[in-house]
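Undergrad: Handing you a structure now.
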Amino acid sequence: MEMTKLSGSLRALLGCGAVLAASCLVSTPALAQSKASAAIPKGPGSLSGVWVSPRFSNVFKADEGLGGVETGGRRRYRAAAAVGS
Amino acid sequence: MAKRTQDAKDGHPYAFTKSRCLPAGMPSAMFTPPQLPFQIIEEPNQITVLFEEFSVFRIIRMNEAHDPDADPSFMGDSVGHWEGDTLVVDTVAVSQETTLRGVIPHSDKLHLVERIRRSGPGTLEIEVTADDAKTFDGPWVLRDSFQRVPRLRLTEYICTNDRNRPDEAGWSGIQLPGG
Numbered sequence: 000m001e002m003t004k005l006s007g008s009l010r011a012l013l014g015c016g017a018v019l020a021a022s023c024l025v026s027t028p029a030l031a032q033s034k035a036s037a038a039i040p041k042g043p044g045s046l047s048g049v050w051v052s053p054r055f056s057n058v059f060k061a062d063e064g065l066g067g068v069e070t071g072g073r074r075r076y077r078a079a080a081a082v083g084s
Numbered sequence: 000m001a002k003r004t005q006d007a008k009d010g011h012p013y014a015f016t017k018s019r020c021l022p023a024g025m026p027s028a029m030f031t032p033p034q035l036p037f038q039i040i041e042e043p044n045q046i047t048v049l050f051e052e053f054s055v056f057r058i059i060r061m062n063e064a065h066d067p068d069a070d071p072s073f074m075g076d077s078v079g080h081w082e083g084d085t086l087v088v089d090t091v092a093v094s095q096e097t098t099l100r101g102v103i104p105h106s107d108k109l110h111l112v113e114r115i116r117r118s119g120p121g122t123l124e125i126e127v128t129a130d131d132a133k134t135f136d137g138p139w140v141l142r143d144s145f146q147r148v149p150r151l152r153l154t155e156y157i158c159t160n161d162r163n164r165p166d167e168a169g170w171s172g173i174q175l176p177g178g
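Sequences listed follow chains A and B, in order. So in numbering that gives the first Met the number 0, spot 59 of the first sequence is number 58, and the numbers just go up one at a time. So in numbering that gives the first Met the number 0, spot 12 of the second sequence is number 11, and the numbers just go up one at a time.
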C-alpha cells in the first residue's frame, strides 16, 4: 500500500513504529489539535471573565523568591491561589 | 514627537497620563500591567470592560454606528460586532491626552480597530491596529495575550497625587508662582 493512500493519522502511527504505537497515536498532531480546539470557547459569551497578562504569575514567583510575599499584599496571595488552580 | 524625544534626552521625559494620576485611555488601556486585571462583561447589546487600573470602565456598543457628535474621551467612542469567533471593535474620538506606548502622540483622527478572540481554553488574544493619517506613515499593530483567572476579583484602585494634597492651611490645588 502506498503511503499517499493512508490517512494522516495512520501515516503518523506507522511512522512511529509498532512498539510505540499507542503513545504515538495519542500525540498525533491532528488529534491533539482537534481536542484543543473543542475546548476553546468561541464567539459571543466567550470573552466574559477576569483577565491578566500571563506575566502576572511570573511577578508572583519573583516576589516569592525574594521573600517579598508579605509586602506584596493581599492581591498576590489571592492571585497566586487562583493562578495555581 | 521630536520635541518629546529631545526633552527626554535633556532629562525631562514626557509625563504621560498615568504619571499624572490619569488613566492611560485607548489604546494603552487594553495592554494592562501584569499585576492589574481587567474584567469583560458581555451583554447582547453592550460589552463592558472594567479595568482595575484607575478603576475605570469602557463601553462597547454592539451592532451600532458611531455617535457622530461623540466628544473626545480617554476611552473613545467604541462600537463592535462579531466576525465569526472574533469580536471586532472600532474606536474613534479618542482624546489627544492618550498616547501609544506611553509617549507616542496622535491626532484627533486616530482610528483603532481591535480584534479580540479566545486563542485557547484559558487565553485571550487582543490585536489593535492604530491608524492616524495625520500622524503616522502607516498603521501600528499592537498585540498581546492574556490569561483567564476564574476566582480573581477586581479591587479598588486609587491613585493619589501629593501635589493635590491640602497644605497646612487646608488649601489644595495647584500653587501658582507668587501665589
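Every residue gets a Cβ at the ideal spot worked out from N, C-alpha and C, and that includes glycine.
Please list, in chain order, the residues of the segment 104–132 of chain B that have any C-beta partner in chain A closer than 7 Å.
TA: Answer set for the segment 104–132 of chain B: Ile115, Arg117, Gly119, Pro120 and Leu123.
Undergrad: Quick one: list the residues of chain A neighbouring Ser144 (chain B), beta-carbon separation under 9 Å, in chain order.
TA: Correct list: Ser52 and Pro53.
Undergrad: Label Leu46 (chain A) either buried or exposed according to how many other C-beta atoms from any shown protein chain fall within 10 Å of its C-beta, with 16 as the threshold for buried.
TA: Classification of Leu46 (chain A): buried, given that the 10 Å Cβ count is 16 or more.
Undergrad: Looking only at C-alpha atoms, which of B:Ser94, B:Ile115 and B:Leu123 sits nearest to Leu109 (chain B)?
TA: That would be B:Ser94, whose Cα lies nearest to the Cα of Leu109 (chain B).
Undergrad: Assign Thr98 (chain B) to one of two classes, buried (16 or more other C-beta atoms within 10 Å of its C-beta) or exposed (fewer than that).
TA: Buried, because 16 or more other Cβ atoms sit within 10 Å of the Cβ of Thr98 (chain B).
Undergrad: Could you check whether the Cβ of Pro36 (chain B) sits closer than 8 Å to any Cβ belonging to chain A?
TA: For Pro36 (chain B), the answer is yes, since a Cβ of chain A falls inside 8 Å of its Cβ.
Undergrad: Please state if the CB of Val48 (chain B) and the CB of His65 (chain B) are separated by a distance shorter than 8 Å.
TA: Not a contact, by the Cβ cut-off of 8 Å.
Undergrad: Taking 8 Å as the CB-CB limit, is Glu41 (chain B) close to chain A?
TA: It does: the Cβ of Glu41 (chain B) has a partner Cβ on chain A nearer than 8 Å.
Undergrad: Using the C-alpha atoms, what's the distance from Thr4 (chain B) back to Gly10 (chain B)?
TA: Each residue's alpha carbon lies about 10 Å from the other.
Undergrad: For Ser94 (chain B), list the residues DSSP reports as bridge partners.
TA: In DSSP, Ser94 (chain B) forms no bridge with anything.
Undergrad: Which word fits Ile46 (chain B), buried or exposed, when buried means at least 16 other C-beta atoms lie within 10 angstroms of its C-beta?
TA: Counting Cβ neighbours within 10 Å, Ile46 (chain B) comes out buried, since at least 16 surround it.
Undergrad: Here's a check: name, in chain order, each residue in its chain whose Cβ is nearer than 6 Å to the Cβ of Lys17 (chain B), leaving out the five neighbours to either side.
TA: Excluding residues within five positions, the ones whose Cβ falls inside 6 Å are Ala23.
Undergrad: Would Val112 (chain B) and Val87 (chain B) qualify as a contact pair, given that the criterion is a beta-carbon distance under 8 Å?
TA: Their beta carbons are under 8 Å apart, which means Val112 (chain B) touches Val87 (chain B) by this criterion.
Undergrad: Given a threshold of 16 other Cβ atoms within 10 Å of its Cβ, counted over all protein chains shown, does Phe56 (chain B) qualify as buried or as exposed?
TA: That one is exposed.
Undergrad: Output yes or no for whether 8 Å exceeds the beta carbon distance between His105 (chain B) and Thr85 (chain B).
TA: No. Outside cutoff.
Undergrad: By how many angstroms is the C-alpha of Glu167 (chain B) removed from the C-alpha of Gly101 (chain B)?
TA: So the alpha carbons of these two residues sit roughly 34 Å apart.
Undergrad: Measure the beta-carbon distance from Glu124 (chain B) to Val140 (chain B) and round it to whole angstroms, keeping in mind my assumption that it falls under 8 Å.
TA: Contact doesn't hold; Cβ gap of about 12 Å is too wide.
Undergrad: Excluding the 5 residues preceding and the 5 following Val25 (chain A) in the sequence, name in chain order all residues of the same chain whose CB lies nearer than 6 Å to its CB.
TA: Low confidence applies here, because Val25 (chain A) scores a pLDDT of 43, under 50, leaving its location unreliable; read the following figure in that light. Correct list: empty, nothing qualifies.
Undergrad: Near Leu153 (chain B), which residues of its chain fall below 7 Å by C-beta distance, leaving aside the five closest residues on each side in sequence?
TA: Answer for Leu153 (chain B): Pro36, Gln38, Leu49 and Glu51, listed in chain order.
Undergrad: Which residues in chain A sit within 7 Å of Leu86 (chain B), going by Cβ to Cβ distance?
TA: Correct list: Leu46.
Undergrad: Would a check of beta-carbon distances place Pro33 (chain B) closer than 8 Å to chain A?
TA: By this cut-off, Pro33 (chain B) is an interface position.
Undergrad: Ignore the nearest five residues each way along the sequence and tell me which others in Ser118 (chain B)'s own chain have a CB closer than 7 Å to its CB.
TA: Glu124 and Ser144, listed in sequence order.
Undergrad: Could you check which residue in B:Glu155, B:Pro71, B:Asn62 and B:Pro120 has the C-alpha nearest to that of Met25 (chain B)?
TA: Among B:Glu155, B:Pro71, B:Asn62 and B:Pro120, the Cα nearest to that of Met25 (chain B) is on B:Pro71.
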